[in-house]
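Those letters in the sequence shown? Residues 757 to 1054, per this note's numbering, in order. First up is the structure itself, then whatever we jot down about it.
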Amino acid sequence: MMREELAQRASELRRSRTPFVHATVVRAQHPTSAHAGDSALVHADGSIEGFVGGTCAETSVRAQALQVLVSGEPLLLRIRPGEESEAVVDEQGAVTVANPCLSGGTLEIFLEPHRPAPRVVVVGSTPVARALAALGGPLGLHVELTDGGAIRVDPEDAGMIVASHGRGEEPALEAALRVAVPYVALVASKTRGGAVLAGLDVSAADRARVHSPAGLDLGARTAGEIALSILAEMITERAATVRTPEQPVPLTSVDPVCGMTVAVSDSTLSTSYGEAQVYFCCEHCRTSFLAEPARFTA
757 MMREELAQRA
767 SELRRSRTPF
777 VHATVVRAQH
787 PTSAHAGDSA
797 LVHADGSIEG
807 FVGGTCAETS
817 VRAQALQVLV
827 SGEPLLLRIR
837 PGEESEAVVD
847 EQGAVTVANP
857 CLSGGTLEIF
867 LEPHRPAPRV
877 VVVGSTPVAR
887 ALAALGGPLG
897 LHVELTDGGA
907 IRVDPEDAGM
917 IVASHGRGEE
927 PALEAALRVA
937 VPYVALVASK
947 TRGGAVLAGL
957 DVSAADRARV
967 HSPAGLDLGA
977 RTAGEIALSI
987 LAEMITERAA
997 TVRTPEQPVP
1007 LTSVDPVCGM
1017 TVAVSDSTLS
1027 TSYGEAQVYF
1037 CCEHCRTSFL
1047 AEPARFTA
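Below, the structure is given as structure tokens:
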């Protein structure tokens, strides 16, 4: 895959809010098949588009990239030949792993996670709704405006803010509460908000989760100030709440031939043996295992 094609593919993934890790070779000590500037995209399922080395190097990149996708933190990965041992983290945070399959050479690869910005659904086309959309982007949020007619709510959304002034409020609030969106707010006066909440077909506990009047008490008057107070309240709630990571912690297995730790994914080489699935770092190890399985399972 050419560099321009890879860049276009990365743009497509960002537009579709699909998480991935951009892996770039920043240093290659020969002999190695990769060169500085080579890059690849590592997906959440472990599949790799692009090139950062042969299958041996890919195995190390895949295992570390899946961890980076969970943590959300970039990482400089050094891959050197040698018997596998525990990954070593230096003072600057770079991680060095030994790969028993490498024939020689050392690679340094920068792993940069790209995770979609937290999505906030805003219902309405009012000045407050538009101000929320304008302020959300600079705060690292993906604000999606909807009129409530074709609302799409996901439990991983960061928030649902209903600012429609009486239009479709109940269905939107109920949809957000049913899937446990962490921050749910209704822009309304205390009196009108109370009446809307009383009519919701939800439990008392869920009803109590709705912030109405919405926003911190900042003395806000204009649409922009109200939007700012709402986003400040949502950010405060998010900071105080620990949520399960969007990406599951990646599973690993040990290649029985070379002893290397590999990521368990659909794209990892494997074979069935008895009632177990056995995973390998490369085709050579898989072939060796299939030739003498008893030797490696004793």
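Glycine included, each C-beta is placed from N, C-alpha and C at the ideal position. Quick caveat, the model's predicted, so the values are computed rather than measured.
Going by DSSP, what residues sit across from residue i in a beta bridge?
i      : result
THR997 : Paired residues: none, contrary to the question.
PHE776 : HIS799 and HIS870
MET916 : VAL877 and VAL940
VAL844 : THR852
PRO837 : ASN855
VAL958 : VAL958 pairs with nothing; no bridge assigned.
HIS921 : Bridge partners of HIS921: none, in fact.
LEU863 : ALA784 and ILE835
VAL966 : VAL940
Can you name the start and end residues of the beta strand (DSSP E) that residue i belongs to?
i       : result
VAL899  : 898 to 902
ALA1019 : 1017 to 1019
GLN764  : Per DSSP, GLN764 belongs to no beta strand (DSSP E); it is in the alpha helix (DSSP H), 759 to 771.
ALA928  : Per DSSP, ALA928 belongs to no beta strand (DSSP E); it is in the alpha helix (DSSP H), 925 to 934.
SER1028 : 1026 to 1029
THR1008 : 1008 to 1010
Terminal residues of the continuous alpha helix (DSSP H) containing residue i?
i       : result
VAL879  : Looking at the DSSP string, VAL879 is not in any alpha helix (DSSP H); the run it does join, the beta strand (DSSP E), is 875 to 879.
THR947  : 946 to 954
VAL884  : 883 to 892
SER1044 : 1039 to 1047
ALA1032 : Taken as a continuous stretch (DSSP letters only), ALA1032 belongs to no alpha helix (DSSP H), being part of the beta strand (DSSP E) at 1032 to 1035.
Cutting at 7 Å between CB atoms, please list the residues of its own chain near residue i, excluding the five before and the five after it.
i       : result
ALA796  : ALA779, ILE804, GLU805, GLY806, PHE807 and VAL808
VAL798  : PHE776, VAL777, ALA779, ILE804, VAL817, ARG818 and ALA821
SER1044 : VAL1013
PRO883  : ALA979
GLU760  : none
SER1026 : GLN1033, VAL1034, TYR1035 and PHE1036
LEU1046 : THR1027
Here's a check: name, in chain order, each residue in its chain whose Cβ is nearer than 8 Å to the Cβ of residue i, leaving out the five neighbours to either side.
i       : result
PRO830  : VAL824, PHE866, LEU867, GLU868 and PRO869
SER827  : PRO869
GLU847  : none
PRO1001 : The pLDDT assigned to PRO1001 is 47, lower than 50, so where the model puts this residue is not dependable; a value taken from the coordinates is nonetheless given after this. Taken in chain order, the residues that qualify are VAL826.
GLY905  : GLY924
GLY955  : GLU926
Note down the Cα distance separating residue i from residue j, rounded to an integer number of angstroms.
i       : j       : result
VAL877  : LEU901  : 6 Å
HIS967  : GLY896  : 22 Å
ILE986  : LEU972  : 6 Å
VAL1010 : VAL1018 : 6 Å
THR992  : VAL781  : 38 Å
ALA885  : ALA995  : 23 Å
ARG908  : PHE1052 : 50 Å
THR947  : HIS921  : 13 Å
MET890  : MET758  : Looking at the sequence shown, residue 890 is not Met but Ala. C-alpha separation (whole angstroms): 36 Å.
ALA944  : LEU769  : 37 Å
SER1028 : ALA854  : 27 Å
VAL1020 : ALA813  : 16 Å
TYR939  : PRO874  : 12 Å
ARG1042 : GLY810  : 15 Å
VAL899  : ALA931  : 17 Å
PRO894  : ALA983  : 13 Å
PRO1049 : GLN764  : 43 Å
Can you find the residues in the same chain that come closer than 6 Å, C-beta to C-beta, to residue i, ignoring five residues on each side of it along the sequence?
i      : result
VAL844 : THR852
GLU864 : VAL782, ARG783 and ARG834
THR815 : VAL1018 and CYS1037
VAL937 : ASP913 and MET916
GLY980 : ALA887
*Write down every uninterrupted run of the beta strand (DSSP E) in the segment 781 to 832 whose length is 3 residues or greater and which is fully enclosed by it, in chain order.*
Within the segment 781 to 832, the complete beta strand (DSSP E) segments at least 3 residues long are 795 to 799 and 804 to 806, listed from N- to C-terminus.
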